[in-house]
Amino acid sequence: MVSTIELNKRQEQILQIVKDEGPITGEHIADQLSLTRATLRPDLAILTMAGYLEARPRVGYFYTGKTGAQLLTDKIKKIQVQEYQSIPVVVNENVSVYDAICTMFLEDVGTLFVVDEKSQLVGVLSRKDLLRASIGKQELTSIPVHIIMTRMPNITYCYREDLLIDIAKILIEKQIDAMPVIKEGDGNFEVVGRITKTNITKLLVALANDEVL
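Converting from the sequence shown to the working numbering requires adding 149 to each position, the first position being numbered 1.
Here it is in structure tokens:
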């Protein structure tokens, strides 16, 4: 867990010294504050890890010029899908629309991912797909979901290593509620997770609590 930090008085002093005189060594900072290098080391480590300072061997510390908000933005832009993805809910392509509706309600999700006999992604089912199939006099227990699902190549998917901010933009742009996270191999797509608007909301709550998980 990485949190935005509130700097203490000494850390503020260190930051000001580096702003004014950087590059500057840890020894010179310690001298100005009448402290030992060992006493100063934890503060310098915190400021460096938080991104306020950069350290270069045999040169010293530089001020990065970034505000707390900019540092937080930098952290957000580095968050990968795998850090916030959740467990996917899948159904076989041959199950009935009725069974898919039951699964959706029992699992309390808005999107189901459809897989074939080899557990490879072949389709996606949304609430709208199931609602559309429910309208009329069709017998829902006799219609397999592969008849009504959205299928490849019209499925929007992502990878665990993708940046979460990029996937959030796609969810908004395409007005979809969820996206399968896939692991690709030999032309097949194994579903290993899902990213939903709820996952993005969890990140928003973490930010409101000054936390990036």
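For every residue, glycine included, the Cβ atom is placed at its ideal position computed from N, Cα and C.
Everything numeric in this text was worked out from a predicted model, so none of it was measured.
Contact between the stretch 295-304 and the stretch 265-276 is defined here as three or more beta-carbon pairs at a separation below 8 Å; is this criterion met?
Flag = yes, the stretch 295-304 and the stretch 265-276 touch.
Suppose you measure from the CA of glycine 336 to the CA of tyrosine 308; what does that come to, to the nearest Å?
Each residue's Cα considered, the two are about 14 Å apart.
Taking the alpha helix (DSSP H) that glutamate 322 falls in, what are its first and last residues?
Start and end: 313-323.
Quick one: residues in its chain with C-beta nearer than 6 Å to the C-beta of alanine 282, no 5 flanking neighbours on either side, listed in chain order?
Contacts found: Val246 and Ile297.
Label proline 329 either buried or exposed according to how many other C-beta atoms from any shown protein chain fall within 10 Å of its C-beta, with 16 as the threshold for buried.
With 16 or more other Cβ atoms within 10 Å, it is buried.
How is glutamate 333 classed by DSSP in three states: helix, strand or coil?
Strand.
Within 10 Å of its beta-carbon, does methionine 150 have 16 or more other beta-carbons around it, so buried, or fewer, so exposed?
Low confidence applies here, because methionine 150 scores a pLDDT of 38, under 50, leaving its location unreliable; read the following figure in that light. Classification of methionine 150: exposed, given that the 10 Å Cβ count is below 16.
Measuring CA to CA, which of Gln231, Thr260 and Ile292 is closest to valine 244?
Ranking the options by Cα distance to valine 244, first place goes to Ile292.
Rounded to the nearest angstrom, what separates serine 152 and tyrosine 212 at their Cα positions?
At serine 152, the pLDDT of 44 sits below 50, so the modelled position is not reliable and the matter cannot be decided from this model.
Using the rule of at least 16 other Cβ atoms within 10 Å of the residue's Cβ for burial, across every protein chain shown, is phenylalanine 254 buried or exposed?
Exposed, since its Cβ has fewer than 16 Cβ neighbours within 10 Å.
Could you tell me the alpha carbon to alpha carbon distance between valine 264 and threonine 305, rounded to whole angstroms?
Taking the straight line from one Cα to the other gives about 15 Å.
Could you give the first and the last residue of the continuous beta strand (DSSP E) run that contains serine 275?
Looking at the DSSP string, the run of the beta strand (DSSP E) that includes serine 275 is 270-275.
From lysine 158 to glutamate 256, what does the alpha carbon distance come to, in whole angstroms?
Those two C-alpha atoms are separated by around 50 Å.
Comparing alpha-carbon positions, which option in Asn348, Gly209 and Gly334 lies nearest alanine 317?
Looking at the Cα atoms, Asn348 is the closest of the given residues.
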